[in-house]
Structures are given as C-alpha cells and as structure tokens.
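S.K.: What follows is a structure written as structure tokens; I'll ask about it next.
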Amino acid sequence: MVVYRFLHMIGMALWVGGAVAVALSAARLPPASAEAQRAAQGLRKASLLVATPGMVLAFIGGLGMLIPNWTTLYAKAGWMHGKLALVVVLAALTGVLSGKLRKTASGSAEVAPRTFRILGWVMALIAVVIIALAVFRP
Numbered sequence: 086m087v088v089y090r091f092l093h094m095i096g097m098a099l100w101v102g103g104a105v106a107v108a109l110s111a112a113r114l115p116p117a118s119a120e121a122q123r124a125a126q127g128l129r130k131a132s133l134l135v136a137t138p139g140m141v142l143a144f145i146g147g148l149g150m151l152i153p154n155w156t157t158l159y160a161k162a163g164w165m166h167g168k169l170a171l172v173v174v175l176a177a178l179t180g181v182l183s184g185k186l187r188k189t190a191s192g193s194a195e196v197a198p199r200t201f202r203i204l205g206w207v208m209a210l211i212a213v214v215i216i217a218l219a220v221f222r223p
C-alpha cells in the first residue's frame with residue numbers, strides 16, 4: 086500500500102507540475118515564427134517525457150490503492166467520486182495541451198498564449214481541489 090501511495094504522489098507531482106510548467110511556458114512563446122515552432126517542439130517533448138509518465142504513475146498508484154479498498158473508498162465515499170471525476174478532466178486537459186502543442190510545433194496553428202495560460206491555471210486549480218478532497222475527505 087505504501088508503494089502505491091508513493092507512486093501516486095510522485096506521479097501526481099510529475100504530471101501536474103510538468104503539465105502546468107509546460108502550459109505556462111507555452112503561454113510565453115513569441116508569435117508565429119520558426120523559433121516558436123522549435124520551442125513548442127521542445128515543450129511538447131518535455132510534456133511527453135515528464136507529464137505523461139507522471140500521469141501513468143499516478144493512475145497505477147491510485148488504482149493500486151483504490152481496487153483493494155473498493156467497498157470502503159469508492160462505494161461509500163462521495164469525495165472519491167468527485168476526485169475521480171476531476172482526475173478524468175485533468176487527463177483530458179493534458180491531452181488538449183499536447184494537441185495544441187503538436188499543432189503549434191508543426192506550424193498548423195498559431196501560438197495561442199491565452200489558451201495555454203488558461204490551460205495551465207485551470208489544471209493547477211483542479212489539482213488543488215483534488216488535493217483538498219483527498220486530504221479533507223468532505
């Protein structure tokens with residue numbers, strides 16, 4: 086159980102920290118240019134090397150803790166339903182971030198600083214709510 090908790094915490098730190106850092110860095114990219122495309126390629130690579138494996142670790146650790154305690158955690162704890170719903174939203178936003186970076190890196194879309202900034206802050210806020218649900222278990 087401790088190993089799963091460790092994987093879950095390390096995974097969440099890498100996932101959320103990596104995704105938020107990449108999104109907020111992408112918000113600072115210059116307008117459409119070759120430099121912006123190269124930077125977007127680097128940011129997408131960083132996301133795929135840090136945030137994506139972090140997400141996988143978080144899922145493995147979380148499921149490792151959830152499955153053996155299904156009847157006490159998920160079946161009876163309303164906070165867990167909310168937490169898992171927000172985790173799905175966070176995973177979807179990570180996919181949106183990756184897609185936006187891919188399009189920016191290929192030149193098929195212009196840099197959208199506002200979109201990246203909103204993605205970064207929304208992901209950070211969702212992570213704070215997830216942590217609050219896990220700690221306080223309302």
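Those letters in the sequence shown? Residues 86 to 223, per this note's numbering, in order. Think of the CB as a built atom: it goes at the ideal place given N, C-alpha and C, for glycine as much as any other residue. Given the structure is predicted, the values throughout are model-derived calculations rather than measurements.
1. On the criterion of 16 or more Cβ atoms from any shown chain inside 10 Å, does K130 qualify as buried, or is it exposed?
2. By the three-class DSSP mapping on this structure, what secondary structure does K185 have?
3. Using a Cβ-Cβ cut-off of 6 Å (strictly less than) and excluding sequence neighbours within five positions of L134, which residues of its own chain qualify?
4. Using the Cβ count rule (16 or more neighbours within 10 Å means buried), how would you classify I215?
5. Between the C-alpha atoms of V141 and S183, what's the straight-line distance to the nearest angstrom?
6. Hey, A136 and A111: beta-carbon distance below 8 Å or not?
7. Out of curiosity, what's the CA-to-CA distance linking A98 and S118?
8. With the cut-off set at 8 Å, would you say F201 and K188 are in Cβ contact?
M.R.: On the basis of the supplied data:
1. exposed
2. helix
3. none
4. buried
5. 15 Å
6. no
7. 32 Å
8. no
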